[in-house]
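From first to last, the protein sequence lines stand for chains H and B.
Numbering-wise, our numbering comes out as the position in the first sequence, counting from 1, plus 2.
Numbering-wise, our numbering comes out as the position in the second sequence, counting from 1, plus 2.
Think of the CB as a built atom: it goes at the ideal place given N, C-alpha and C, for glycine as much as any other residue.
A quick note: this is a predicted structure, and the numbers were derived from the prediction, not measured.
What follows is a short report on a single structure.
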Amino acid sequence: GENVEQHPSTLSVQEGDSAVIKCTYSDSASNYFPWYKQELGKRPQLIIDIRSNVGEKKDQRIAVTLNKTAKHFSLHITETQPEDSAVYFCAASRAKLVFGTGTRLLVSP
Amino acid sequence: NAGVTQTPKFRILKIGQSMTLQCTQDMNHNYMYWYRQDPGMGLKLIYYSVGAGITDKGEVPNGYNVSRSTTEDFPLRLELAAPSQTSVYFCASSRTSGNKETQYFGPGTRLLVL
Numbered sequence: 003g004e005n006v007e008q009h010p011s012t013l014s015v016q017e018g019d020s021a022v023i024k025c026t027y028s029d030s031a032s033n034y035f036p037w038y039k040q041e042l043g044k045r046p047q048l049i050i051d052i053r054s055n056v057g058e059k060k061d062q063r064i065a066v067t068l069n070k071t072a073k074h075f076s077l078h079i080t081e082t083q084p085e086d087s088a089v090y091f092c093a094a095s096r097a098k099l100v101f102g103t104g105t106r107l108l109v110s111p
Numbered sequence: 003n004a005g006v007t008q009t010p011k012f013r014i015l016k017i018g019q020s021m022t023l024q025c026t027q028d029m030n031h032n033y034m035y036w037y038r039q040d041p042g043m044g045l046k047l048i049y050y051s052v053g054a055g056i057t058d059k060g061e062v063p064n065g066y067n068v069s070r071s072t073t074e075d076f077p078l079r080l081e082l083a084a085p086s087q088t089s090v091y092f093c094a095s096s097r098t099s100g101n102k103e104t105q106y107f108g109p110g111t112r113l114l115v116l
């Protein structure tokens, strides 16, 4: 089955810096790659997703890139703000979502 | 729309007790899912359903049962609770399968088994 690895497990940045979180997946048939943000004690919420027929997608300060050949995808957050502090999960899916173990992002003022 | 709702928010169980976690969605979604999230970990799929009357096992189904008698409701049953089932349980729903449609999560149920 699918296996998703996510790095780093924790990431500390200064406000205004960029943050990058990377994920690799094992099933070459996976074709949908969402990213979820989970604030402390809250539910996961979708922030951006990408499908396998697209290499990059942007939404304001966040972007996701996908390299199907290498089977990895990344989340890029620019101009980070303290409210970006949360745990971020990547996931990969052919039919069912398989989640990475999460990255705790801390943005210091 | 209320979206996906779950009850209870928090529950303490003794080893060997049973309980049902409730999940309801009002978005007329066909697909529903149950995940567990252990501390510091990602989400593991327990069971899922593609429509009323149809359920299937996910990655970690042992110790759990589900039913789907209506489109709206997808309860998760724990039989003979064990400390290993201490976790946060999230229900989710989507209009179609996970690779074509966003999954919307409920607020979660925090379960402690002592």
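Output yes if chain C places a C-beta closer than 9 Å to the C-beta of Pro109(B); else output no. Given the protein chain composition of this structure (H and B), no chain C is represented.
Within 9 Å of any Cβ in chain B, is that where the Cβ of Gln47(H) sits? True, the Cβ-Cβ gap to chain B drops below 9 Å.
Measuring only between beta-carbons, confirm whether Phe92(B) sits less than 9 Å from chain H. Closer than 9 Å to some Cβ of chain H, the Cβ of Phe92(B) qualifies, so yes.
Grouping DSSP H, G and I as helix and E and B as strand, with all else coil, what is Ser54(H)? Note: Ser54(H) maps to coil in three-state DSSP.
Contact between the segment 77-97 of chain H and the segment 26-40 of chain B (3+ Cβ pairs under 8 Å): Here the segment 77-97 of chain H makes no contact with the segment 26-40 of chain B; the two share fewer than three CB pairs at distances below 8 Å.
With a threshold of 8 Å, are at least 3 pairs of Cβ atoms found where one atom belongs to the segment 39-51 of chain B and the other to the segment 90-106 of chain H? Yes, the segment 39-51 of chain B touches the segment 90-106 of chain H.
Under three-state DSSP, which class holds Glu41(H)? Under the three-state reduction of DSSP output, Glu41(H) falls in the coil class, being neither helix nor strand.
Proximal chain B residues relative to Gly18(H), where beta-carbon distance stays under 9 Å: Simply none; closest approach about 28 Å.
Rounded to the nearest angstrom, what separates Asn33(H) and Gly3(H) at their Cα positions? Those two C-alpha atoms are separated by around 14 Å.
Please check if any C-beta of chain H sits within less than 9 Å of the C-beta of Gly44(B). Gly44(B) counts as touching chain H.
Once DSSP output is grouped into helix, strand and coil, what is the label at Ser87(H)? DSSP places Ser87(H) in coil when its eight states are reduced to three.
Comparing C-alpha positions only, which one of Lys16(B), Asp28(B) and Asp58(B) sits nearest to Thr72(B)? When only C-alpha atoms are compared, the closest one is Asp28(B).
Tell me which residues of the segment 86-107 of chain H have at least one Cβ-Cβ distance to chain B shorter than 7 Å, keeping chain order. Within the segment 86-107 of chain H, the residues whose Cβ lies closer than 7 Å to any Cβ of chain B are, in chain order, Phe91, Ser95, Arg96, Ala97, Lys98, Leu99, Phe101, Gly102, Thr103 and Gly104.
Distance CB(Lys24(H))-CB(Ser95(H)) smaller than 9 Å: The answer is no: Cβ separation not under 9 Å.
Flag this pair as yes or no: are the beta carbons of Pro46(H) and Thr104(B) separated by less than 9 Å? No, they are not a contact pair.
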